[in-house]
Structures are given as structure tokens and as C-alpha cells.
Amino acid sequence: MNIFDSVRSALSQYTGFKGRACRSEFWWWQLFSFMVLVSAAQFDTMFLNVVNLFASTPQSSEGPFQMIWLIGTAVPSLSLCVRRLHDIDRRGWWVFIVLVPVFGFLYLLYQCTKQGSRSFNRFGDNPLGNRRPASHAREFMPQFG
């Protein structure tokens, strides 16, 4: 899956909390979202610099373009994260672990980097089908009990 397919999938399934999302879909969306957020920050900086020329008090650093993007993509990002958790056979409720300071974010980040289930799990079929290559590390590791 490339970045365009990932963005199309994330936006077309923005309220779809069922099913599974592969790692590439999740991480391409994260990259795209980050790039747009950085661009929005640049627009906000230009906009706020013009506003601050005429204002008696400086404005905050969060601008309208960033807020529009963050609010507009909150649901698609959340649903994609839930579907990513489904791919590793975790319930979507695990997304709320981010409410635990520091540890929660790091744990969710770790979970999102894990390889998904190779076959059908309780949340649906493998989003990659049978195209997933076998892990080379497992071929060379000794098998114990």
C-alpha cells in the first residue's frame, strides 16, 4: 500500500471502527498527517505574523489551520488506530491507554509497530491477503519445544 492508497482508505473508512488496518496503511497515514500539520503550522506562522503586526498583544502559537486539521482528522485517525489494534488482535479500547502519561503513548506506539496476525482473527481477514512475506528471522532461528 502506498501513501495515496493509505490516505484514500483512511478517509473513506473514517467512521469504520470494524475490520483491520495493516502497518503500511497506518504509518503512511501518520506521515501524511504529520506533513499536513507541518504545512498548516507554516501557514499559521505566516498568518499570525501578519495579525501580530496590528495586535497589541501577541497571539498563541496554535493557529486556525492546525486546529482545523487536528479536529477534522481526529475521527479518521482514531478509527485507523483502532483498526490497527485489531490487526494485532487487540481490542480497540486499548487506544485509551494513551491517557496514562508517557507510558501509555509509548505502549501504543510499540503496539502499532508490531506485525499483524498472518491469517483471519476475531476482527476479520488479513488486510494484506496472502501477500505477506515470511519473516526471514524465523527461518534462521532454532525452534525449541
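Quick note: the sequence shown uses the working numbering, first residue 341, plus one each step. All C-beta atoms, glycine included, are put in the ideal place defined by N, C-alpha and C.
* **Alpha-carbon to alpha-carbon, residue 433 and residue 407** => Here the question's residue 407 lines up with position 67 in the sequence shown. Here the question's residue 433 lines up with position 93 in the sequence shown. Taking the straight line joining both Cα atoms gives about 25 Å.
* Asked: Hey, how far is the Cα of residue 444 from the Cα of residue 386?
  -> Against the sequence shown, residue 444 aligns to sequence position 104. Against the sequence shown, residue 386 aligns to sequence position 46. Distance between the alpha carbons of residue 444 and residue 386 is about 35 Å.
* Where residue 461 falls: helix, strand or coil (DSSP) -> As a first step, residue 461 must be located in the sequence shown, where it is residue number 121. Strand.
* **With 16 other Cβ atoms within 10 Å as the buried cut-off, status of residue 453** => For the purposes of this step, residue 453 is taken as residue 113 along the sequence shown, with counting starting at 1. Classification for residue 453: exposed.
* Asked: Which residues in the same chain as residue 346 place their Cβ atom closer than 6 Å to its Cβ, once the five residues preceding and following it in sequence are excluded?
  -> Translated into the one-based positions of the sequence shown, residue 346 becomes position 6. Excluding positions up to five away in sequence, the list reads 365, 368 and 369.
* Might you give, ordered along the chain, the residues of its own chain that have their beta carbon closer than 8 Å to the beta carbon of residue 313, omitting 5 neighbours on each side? => Nothing about residue 313 can be read from this structure; the chain reaches only from 341 to 485.
* **Contacts around residue 460, its chain only, beta-carbon distance under 8 Å, and the 5 residues preceding and following it disregarded** => Within the sequence shown, numbered from 1, the residue matching residue 460 stands at position 120. Beyond the five residues adjoining it in sequence on each side, residue 460 comes within less than 8 Å, by CB distance, of 466 in the same chain, given in chain order.
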